[in-house]
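Student: Take this structure first; my questions come after.
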């Protein structure tokens, strides 16, 4: 969304003018020969309002694209962290197996009276 106060105020002004003009003269056919200047003003206001809306959409698309890039980067970081955690888990399993082996060996040695 466009956060430019001037653009927001301009859009509000255009909307107000269009509402006022429509209220004063009622809906006009697209090519009303009785009001060529007024029709030209309405056309310009509509194009300006359209440009502001397009600018807002473009800005939203840019923001969404940046969020997509941020999410992709975060996904890569999560994958890296997951790999590190898996490696750590494997290493802890090896340490656990080694401790179990040592405890078993010590217990067998005690049972045989070697230790």
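Numbering (the numbering used here), first residue to last: -14 to 100.
Idealized CB from N, CA, C, for every residue including glycine.
#1: Would you mind stating whether residue -1 and residue 34 have Cβ atoms separated by less than 9 Å?
#2: By a C-beta neighbour count over all protein chains shown, 10 Å radius and 16 as the cutoff for buried, is residue 97 buried or exposed?
#3: Do residue 2 and residue 30 come within 9 Å of each other at the CB atom, strictly closer than that value?
#4: Work out the CA separation of residue 50 and residue 86 for me, nearest whole Å.
#5: Quick check on residue 27: buried or exposed, where buried means 16 or more other Cβ atoms within 10 Å of its Cβ?
Tutor: On the basis of the data shown:
#1: yes
#2: exposed
#3: yes
#4: 54 Å
#5: buried
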